[in-house]
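Report on the following structure.
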Amino acid sequence: MSSAILIAGENSLSVEVTNPTATVPWGRWETYQKQGGVSDQGTAILLGQAALERASEERVQLTRQIRPYAARWLPFEDYRVGDFVLAPGDGAAMESLRVRQITLSSGADGVIGGNLVRNDRFLETDSSWPVRPRASSTAASPLAGPAPTRPLRRRAASRPRDGPHRGAAGPCR
1 MSSAILIAGE
11 NSLSVEVTNP
21 TATVPWGRWE
31 TYQKQGGVSD
41 QGTAILLGQA
51 ALERASEERV
61 QLTRQIRPYA
71 ARWLPFEDYR
81 VGDFVLAPGD
91 GAAMESLRVR
101 QITLSSGADG
111 VIGGNLVRND
121 RFLETDSSWP
131 VRPRASSTAA
141 SPLAGPAPTR
151 PLRRRAASRP
161 RDGPHRGAAG
171 PCR
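Numbering (the working numbering), first residue to last: 1 to 173.
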C-alpha cells in the first residue's frame with residue numbers, strides 16, 4: 001500500500017504525489033515511476049494519482065515452501081521466474097499464478113529447501129498496466145516515445161541499373 005510516489009519525467013522533471021488518506025500501518029510507503037515523454041507537472045500528477053490509486057489496495061503475498069527432494073516439478077528445471085504454475089492461491093483454491101521469485105536454501109542438516117513467491121491477481125494486473133497509457137496518451141508512455149509517423153508519399157523502388165557489380169556479361173567482374 002503506497003502512500004507516496006515520485007514521478008520522474010523528461011528534462012529533470014521530478015514530482016512527488018502523496019495520498020493523505022492512505023492507510024499506513026507500517027508508516028510511509030514510497031514508490032518510484034519513470035515516465036518517458038512527460039514534461040509537465042500536471043500530467044505527472046495525474047499519472048501519480050492513478051498509480052497511487054492502483055497501489056491503495058491491500059496485497060497478500062503468496063509465498064509457498066518447497067521441498068525439492070519431495071517435489072514432482074523442480075525449480076529451474078521444470079519452471080522458472082515468469083512461468084505460470086498451478087498451486088494453492090489465496091484461500092487455498094488451486095490457481096494458475098506467475099512465479100515471481102524462487103529462493104533455494106540449505107538447512108543445518110544439509111537438506112535443500114526453499115520457497116516460491118507468486119503474483120496475486122493485483123500484481124498480475126499491475127504488471128500489464130504500463131502498456132495502457134499508450135492508448136490514452138501519446139505524450140506519456142513508460143515504454144517509448146510517440147509512435148513514428150508514416151511517410152508522406154509512397155513510391156515504387158527504382159529498377160537496378162547495370163553497373164560494375166552487375167552487368168550483361170554476368171555477375172561481379
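Just so it is clear, CB atoms sit at the ideal spot from N, CA and C, and this is done for glycine as well. Quantities reported herein were computed from a predicted structural model and do not represent experimental measurements.
If you check the beta carbons only, do residue i and residue j fall under 8 angstroms apart?
i	j	result
Val117	Thr63	yes
Leu6	Glu30	yes
Ala70	Lys34	no
Would you tell me roughly how many angstroms separate the C-alpha atoms of residue i and residue j, rounded to the nearest one?
i	j	result
Asn19	Arg28	10 angstroms
Ser96	Phe84	6 angstroms
Gln65	Arg100	14 angstroms
Assuming residue i contacts residue j (C-beta within less than 8 angstroms), just tell me the rounded distance between them.
i	j	result
Glu10	Gly48	Not quite, the Cβ-Cβ distance comes to about 15 angstroms (not below 8 angstroms), so this is no contact.
Ala44	Val15	4 angstroms
Sort the options by Cα distance to residue i and report the nearest one.
i	options	result
Thr103	Val17, Phe76, Ala22, Leu97	Phe76
Val24	Met1, Val17, Gln35	Met1
Tyr32	Ala55, Thr21, Ala22, Gly42	Ala55
Ala87	Val17, Asn115, Ser39	Asn115
Residue i by DSSP, collapsed to three states: which one?
i	result
Thr103	strand
Glu10	coil
Glu53	helix
Pro20	coil
Leu46	helix
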